[in-house]
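Below is one structure, written out as structure tokens; the observations come after it.
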Ligand code: BG6
């Protein structure tokens, strides 16, 4: 959909909501380059911003107005380039593992505000959310011939947590299943990459993208960074922490994939930092910005998700921030995997 088309739809939905006398819990304004931007604001002053371009969260702030996500100063807010930072959605293909452009096309398409989102099996009492929708255009169907509806609910929790719930449905009339891979490609803002540690992935196996996807076992008691890292951790626990000593804060990432649709999906965790050489090679990324970001991505990759017509997959990622001392050493992945933490 064109930017103008998306804007018309946004206005139509806002008008519908005001005629029903229900003021939506979000605001739509113009962001960079006139792109539509949705804002959510919590009672304590926390906030979230989402661009309809990419259905992409680009800002998540705590009650002090501090930004928790990283967006590059060189990010291009203009199609067809995906926005560098925030939480891009990789769909229907992760990375270059298939015929589509890297990380699929959902991150550089115009999403709309969902005019009639189907209810969730367990309704939430929290009303600070927005529902977005992506459906394939004629052009998309030529490069990926499958009808789908991708619904994204972005929720700002009462204590400032950020919850993303994705629901992907096969709406094909041809009776054929389709398969896809997926990731919440979250860019976290950190004080200094050399000062942080990631806990919850130690002792686990990973595929190293920098070494032809060879399989290794994590040996350290946490992941620390001294050079480029690009790894897919396999069979990872539902809870992972990024400890930032300088900022005295810890990000906690929780993820799960769809027990209610009867199909368990094993989430992987992709850990990526481009370091200096790759940073210089990326036109939409500052030369030294790699120091202030880390990507820890909740991903359904390596093993694709398959949906028959009418079937739906649901996958969630919940982000919260706690004081630094909270998690250190408490996330034994083997215990977390067995559900004891
Ligand atoms: C990560 C991949 O998920 O995304 C990396 O593991 C890749 O290999 C990175 O470089 C950024 O991808 P892109 O397409 O946004 O430049």
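In this note's numbering, the protein residues as written are 30 to 370.
Where a beta carbon is used, it is the ideal one built from N, C-alpha and C, also for glycine.
Fair warning: this is a prediction, and the values are worked out from it, not measured in the lab.
In the DSSP output, what is residue i paired with across the bridge?
{"i": "residue 80", "result": "66, 85"}
{"i": "residue 141", "result": "162"}
{"i": "residue 343", "result": "196"}
{"i": "residue 271", "result": "227, 280"}
{"i": "residue 90", "result": "76, 96"}
{"i": "residue 258", "result": "302"}
{"i": "residue 56", "result": "68"}
{"i": "residue 327", "result": "213, 298"}
{"i": "residue 118", "result": "213"}
{"i": "residue 352", "result": "278"}
{"i": "residue 177", "result": "199"}
{"i": "residue 218", "result": "322"}
{"i": "residue 191", "result": "185, 348"}
{"i": "residue 246", "result": "234"}
{"i": "residue 133", "result": "120"}
For residue i, name the three-state secondary structure that DSSP assigns.
{"i": "residue 98", "result": "strand"}
{"i": "residue 332", "result": "strand"}
{"i": "residue 319", "result": "helix"}
{"i": "residue 374", "result": "Here the chain covers residues 30 to 370 and nothing more, so residue 374 does not appear."}
{"i": "residue 239", "result": "helix"}
{"i": "residue 305", "result": "helix"}
{"i": "residue 203", "result": "coil"}
{"i": "residue 212", "result": "strand"}
{"i": "residue 170", "result": "helix"}
{"i": "residue 61", "result": "helix"}
{"i": "residue 112", "result": "coil"}
{"i": "residue 289", "result": "For residue 289, the predicted model reports a pLDDT of 33, less than 50, meaning its position is unreliable and no value from the coordinates is stated."}
Please report how far the alpha carbon of residue i lies from the alpha carbon of residue j, in whole angstroms.
{"i": "residue 30", "j": "residue 337", "result": "Note on residue 30: pLDDT 45, under 50, position unreliable in the model; the coordinate value appears next. Those two C-alpha atoms are separated by around 26 Å."}
{"i": "residue 116", "j": "residue 202", "result": "31 Å"}
{"i": "residue 217", "j": "residue 353", "result": "15 Å"}
{"i": "residue 207", "j": "residue 327", "result": "21 Å"}
{"i": "residue 350", "j": "residue 103", "result": "26 Å"}
{"i": "residue 96", "j": "residue 88", "result": "7 Å"}
{"i": "residue 158", "j": "residue 79", "result": "11 Å"}
{"i": "residue 161", "j": "residue 280", "result": "25 Å"}
{"i": "residue 119", "j": "residue 179", "result": "12 Å"}
{"i": "residue 187", "j": "residue 70", "result": "10 Å"}
{"i": "residue 153", "j": "residue 241", "result": "43 Å"}
{"i": "residue 177", "j": "residue 329", "result": "17 Å"}
{"i": "residue 214", "j": "residue 137", "result": "14 Å"}
{"i": "residue 257", "j": "residue 148", "result": "42 Å"}
{"i": "residue 109", "j": "residue 260", "result": "27 Å"}
{"i": "residue 121", "j": "residue 145", "result": "23 Å"}
{"i": "residue 150", "j": "residue 195", "result": "14 Å"}
{"i": "residue 264", "j": "residue 298", "result": "8 Å"}
{"i": "residue 98", "j": "residue 190", "result": "13 Å"}
{"i": "residue 315", "j": "residue 303", "result": "11 Å"}
{"i": "residue 266", "j": "residue 348", "result": "15 Å"}
{"i": "residue 50", "j": "residue 165", "result": "Confidence at residue 50 is low in this model, with a pLDDT of 47, below 50, so the placement of that residue should be treated as unreliable; the coordinate-derived value is given next. Spanning the two alpha carbons is a distance of roughly 31 Å."}
{"i": "residue 83", "j": "residue 135", "result": "6 Å"}
{"i": "residue 129", "j": "residue 317", "result": "30 Å"}
{"i": "residue 92", "j": "residue 76", "result": "8 Å"}
{"i": "residue 174", "j": "residue 167", "result": "9 Å"}
{"i": "residue 291", "j": "residue 285", "result": "Note on residue 291: pLDDT 43, under 50, position unreliable in the model; no value is reported."}
{"i": "residue 339", "j": "residue 199", "result": "5 Å"}
{"i": "residue 234", "j": "residue 253", "result": "16 Å"}
Return yes when at least one heavy atom of ligand 1 lies under 7 Å from the C-beta of residue i, else no.
{"i": "residue 140", "result": "no"}
{"i": "residue 312", "result": "no"}
{"i": "residue 326", "result": "yes"}
{"i": "residue 259", "result": "yes"}
{"i": "residue 301", "result": "yes"}
{"i": "residue 132", "result": "yes"}
{"i": "residue 199", "result": "no"}
{"i": "residue 238", "result": "yes"}
{"i": "residue 124", "result": "yes"}
{"i": "residue 111", "result": "yes"}
{"i": "residue 175", "result": "no"}
{"i": "residue 321", "result": "no"}
{"i": "residue 93", "result": "no"}
{"i": "residue 274", "result": "no"}
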